[in-house]
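Take a look at the structure below.
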Amino acid sequence: MSTFLEYDFASPLPHPGEILREDYMAPLGLSAGALAKRMGLKDRTRIERLAREMQPVTPDTALRLERVFGASAQYWMNLQAQHDLSREVIAHRDELAAIARVDAA
Numbered sequence: 824m825s826t827f828l829e830y831d832f833a834s835p836l837p838h839p840g841e842i843l844r845e846d847y848m849a850p851l852g853l854s855a856g857a858l859a860k861r862m863g864l865k866d867r868t869r870i871e872r873l874a875r876e877m878q879p880v881t882p883d884t885a886l887r888l889e890r891v892f893g894a895s896a897q898y899w900m901n902l903q904a905q906h907d908l909s910r911e912v913i914a915h916r917d918e919l920a921a922i923a924r925v926d927a928a
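For what it's worth, this note's numbering labels the leading residue of the sequence shown as 824, then goes sequentially.
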């Protein structure tokens, strides 16, 4: 069975903000302000920071994105988790590789 640590990441997996910006906002011509309004947010700061890859997807944001775009909240949270894990694998690959696995008896 393959584990996340066994993947050979040259660079981190895409930040969810990149996916949001390139696959959702740009094709639909949505600005951060317009998307924030559709999501029921008072201002666009959260969306601007997310789209600039300066902020992670939170559960609240994921639920709101699900309502607007139809892609599940779990999808958005998985993108964030995969991005974060890939960054950690890259940053700590040697240290993590040195940890021995306990095999079941």
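For each residue, glycine too, the CB sits at the ideal point set by N, CA and C.
Note that the structure is a prediction, hence the values are computed from the model and not measured.
Item	Value
Counting C-beta neighbours from all protein chains within 10 Å, is the total for threonine 929 16 or more, i.e. buried, or is it exposed?	Residue 929 lies beyond the residue range present for the chain, which begins at 824 and ends at 928; the question has no answer from this structure.
Here's the rule I'm using: 16 or more other beta-carbon atoms within 10 Å means buried, otherwise exposed. How should methionine 848 be labelled?	buried
Would you mind giving the Cβ-Cβ distance between alanine 859 and arginine 872, rounded to the nearest angstrom? I have them listed as a contact below 8 Å.	Incorrect: roughly 11 Å between the Cβ atoms, too far for contact.
Where does arginine 890 land, buried or exposed, given buried means 16+ other C-beta within 10 angstroms?	exposed
Figure out for me which residue from Leu851, Pro839, Ala921 has the closest Cα to the Cα of asparagine 901.	Pro839
If you check the beta carbons only, do valine 912 and tryptophan 899 fall under 8 Å apart?	no
Alpha carbon to alpha carbon, what distance is there between alanine 928 and alanine 855?	54 Å
Using DSSP with H/G/I as helix, E/B as strand and the rest coil, what is alanine 928?	coil
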